[in-house]
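Numbered according to this note's numbering, the sequence shown spans residues 18 to 451.
Below is one structure, written out as structure tokens; comments come after it.
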Amino acid sequence: MIKERFDAIVVGAGPSGNAAAYTMAKEGLKVLQLERGEYPGSKNVQGAILYANALEKIIPDFREDAPLERHIIEQRLWTMDDASHVGMHYRSEDFNEEKPNRYTIIRAQFDKWFSRKVREAGVTLLCETTVTQLLRDTNGKIIGVRTDRGGGTAFADVVILGEGVNGLVGQRSGLRPELNPDSVALAVKEMHFLPREVIESRFNLKGNEGVVIEAMGTITAGMTGTGFLYTNQESISVGIGCIVSDFADNGTSPYALLEALKNHPSIKPLLANSECKEYAAHLIPEGGYYSIPELYGDGWLVVGDAGQFVNAVHREGSNLAMTTGRIAGETVVWLKRRRDEMSKANLAEYKRRLDETFVMKDLRKYKKIPDFLHGNKQVFGLYPKLFTDAAQTWFRVDGTDKRTKENEIFKSFRKGRTLPGLIGDAFKLARAWR
Ligand SMILES: Cc1cc2nc3c(=O)[nH]c(=O)nc-3n(C[C@H](O)[C@H](O)[C@H](O)COP(=O)(O)OP(=O)(O)OC[C@H]3O[C@@H](n4cnc5c(N)ncnc54)[C@H](O)[C@@H]3O)c2cc1C
Numbered sequence: 018m019i020k021e022r023f024d025a026i027v028v029g030a031g032p033s034g035n036a037a038a039y040t041m042a043k044e045g046l047k048v049l050q051l052e053r054g055e056y057p058g059s060k061n062v063q064g065a066i067l068y069a070n071a072l073e074k075i076i077p078d079f080r081e082d083a084p085l086e087r088h089i090i091e092q093r094l095w096t097m098d099d100a101s102h103v104g105m106h107y108r109s110e111d112f113n114e115e116k117p118n119r120y121t122i123i124r125a126q127f128d129k130w131f132s133r134k135v136r137e138a139g140v141t142l143l144c145e146t147t148v149t150q151l152l153r154d155t156n157g158k159i160i161g162v163r164t165d166r167g168g169g170t171a172f173a174d175v176v177i178l179g180e181g182v183n184g185l186v187g188q189r190s191g192l193r194p195e196l197n198p199d200s201v202a203l204a205v206k207e208m209h210f211l212p213r214e215v216i217e218s219r220f221n222l223k224g225n226e227g228v229v230i231e232a233m234g235t236i237t238a239g240m241t242g243t244g245f246l247y248t249n250q251e252s253i254s255v256g257i258g259c260i261v262s263d264f265a266d267n268g269t270s271p272y273a274l275l276e277a278l279k280n281h282p283s284i285k286p287l288l289a290n291s292e293c294k295e296y297a298a299h300l301i302p303e304g305g306y307y308s309i310p311e312l313y314g315d316g317w318l319v320v321g322d323a324g325q326f327v328n329a330v331h332r333e334g335s336n337l338a339m340t341t342g343r344i345a346g347e348t349v350v351w352l353k354r355r356r357d358e359m360s361k362a363n364l365a366e367y368k369r370r371l372d373e374t375f376v377m378k379d380l381r382k383y384k385k386i387p388d389f390l391h392g393n394k395q396v397f398g399l400y401p402k403l404f405t406d407a408a409q410t411w412f413r414v415d416g417t418d419k420r421t422k423e424n425e426i427f428k429s430f431r432k433g434r435t436l437p438g439l440i441g442d443a444f445k446l447a448r449a450w451r
């Protein structure tokens, strides 16, 4: 048992837990943070793109010493079939700005750095300590936690759960339901190492400029999911993820998908002669707005992936994690200053504040997208094939006149999907997107 009593206990030292712990400690609160991993980041997996804006609001001068890999100057969006891709690339010199907007990072290094800042702010961090249970008083209010360190307990006014997507503590304590396999993706990722000058010449980069590729199409074997490839200083992260229930129905293994992606003719040359040194797998909550559980109660708050805060359309998660963590921390500080209790009614302020941010606004805007994508598999198989076939028909110069080519493309779309089907898909997408 830890004898000291804390203002707050934070479960987890990922971006959400770190943001919450740092925000509270900076304002003088006594904070205990518990992390099951050997060190912060040892259990964590991400692509990874860091969105500067969310971190700037917590540590404004983070660029001075954070372990950043490359700032992203070029975004590629690819629609792929088995032999080709149709791409939209956006590259801009404007992204070579004084304070770049997005960076690639390596999570194990980034989490260690963030955790150092958290400890410097005054947080007591215990690693290799798994929270096994939430403790309640006779009225059901959460008053502390039990851990696997000899069954030791710790007590605080509020417990902030930043335990990640498969938050077992919250599930076991009945604060949220078990994960639904329809609304969580399983992603696998490898790190391929190459000399930095090889990466720079392959991707047309100089200095610390970076490129990221997001890809969809036949690479997911008809399942709902996407692939990615991100450039780091001396490595390339490549990965793919699909909805868990799709893997179960389809029978394809995540590893087989990743192998196929790496051997795709558009990807293989980018990884040529690299050395793979890391393989990781992790879940991503992709259910969106409708999968968000209860976020607060008597003596507790939920932040980050544990609250299902991921915007799968825009591939954003860590920024939602840091923002929800920061706002949870600010709410607790505000209540403390007013000498208010950490009751459910008072902690509702967390949700009120979140509603005003991009986090809830974006998730609300895209609330119908997860169902649309999961229920319309043609988006991941048929349409990418139709687009790549159309591109080939259009660009191949073979003596066929252009009107005949246009008719061929039109016919291939009609053959792949009936006209009402095409119109219906466009209509459903537009409605889900609004
Ligand atoms: C393959 C992949 C690629 C991704 N790419 C991106 C990207 O490019 N950009 C982006 O913004 N997001 C990306 N994400 C999402 C992003 O990683 C998450 O949204 C983010 O990590 C969530 O942070 P978190 O702190 O809520 O959870 P986590 O990072 O999962 O941290 C939770 C922490 O809690 C600890 N923990 C869990 N249970 C306990 C317990 N009982 N006791 C003590 N400690 C516990 C864990 O060990 C862990 O350290 C990606 C995710 C994956 C899997």
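Note that the Cβ used here is the ideal one computed from N, Cα and C, for glycine as well.
Straight-line measurement puts the Cα of residue 254 at about 36 Å from the Cα of residue 190.
Between the alpha carbons of residue 53 and residue 206 lies a distance of about 22 Å. Between residue 226 and residue 332, the CB-CB gap reaches or exceeds 8 Å. Boundaries for residue 176: no alpha helix (DSSP H) harbours it, while the beta strand (DSSP E) harbouring it runs 170-178, taken from the DSSP string.
The straight-line gap separating the alpha-carbon atoms of residue 240 and residue 433 is approximately 18 Å.
By alpha-carbon distance to residue 336, the top candidate from 286, 27, 32 is 32.
Straight across, the Cα-Cα distance linking residue 325 with residue 425 is about 44 Å.
Within the model, the alpha-carbon separation for residue 21 versus residue 133 is close to 22 Å. When the beta-carbon positions are compared, residue 285 and residue 294 stay at least 8 Å from each other.
Annotation for residue 298: no alpha helix (DSSP H) segment contains it, though the beta strand (DSSP E) segment containing it runs 292-302.
Unbroken beta strand (DSSP E) runs of no fewer than 3 residues, entirely contained in the region 223-275, are found at 226-234, 242-248, 252-260, following chain order. Buried is the label assigned to residue 204, since at least 16 other Cβ atoms lie within 10 Å of its Cβ.
Looking only at 276, 229, 148, 183, the smallest Cα-Cα distance to residue 238 is reached by 276. Per DSSP, the continuous beta strand (DSSP E) segment holding residue 24 begins and ends at 22-28. Residue 105 and residue 350 have their C-alpha atoms spaced approximately 45 Å apart.
Judged by DSSP in its simplified three-state form, residue 281 adopts coil rather than helix or strand. The Cβ neighbour count for residue 369, taken over all protein chains shown within 10 Å, is under 16; the residue is labelled exposed. Counted as a single uninterrupted DSSP element, the beta strand (DSSP E) harbouring residue 205 occupies residues 201-210. By the Cβ test, the region 120-135 is not in contact with the region 148-162, since fewer than three Cβ pairs between them sit closer than 8 Å. DSSP places residue 41 in the uninterrupted alpha helix (DSSP H) bounded by 32-43.
Here DSSP, grouped into helix, strand and coil, assigns residue 355 to coil. In the structure shown, residue 396 falls within a helical segment according to DSSP collapsed to helix, strand and coil.
Inter-residue distance for residue 304 and residue 28 is about 23 Å (C-alpha atoms, whole angstroms). Residue pairing of residue 130 in beta bridges, as defined by DSSP: absent, with no partner found. With 16 or more other Cβ atoms from the protein chains shown falling within 10 Å of its own Cβ, residue 193 counts as buried.
DSSP, read as helix, strand or coil, puts residue 328 in strand.
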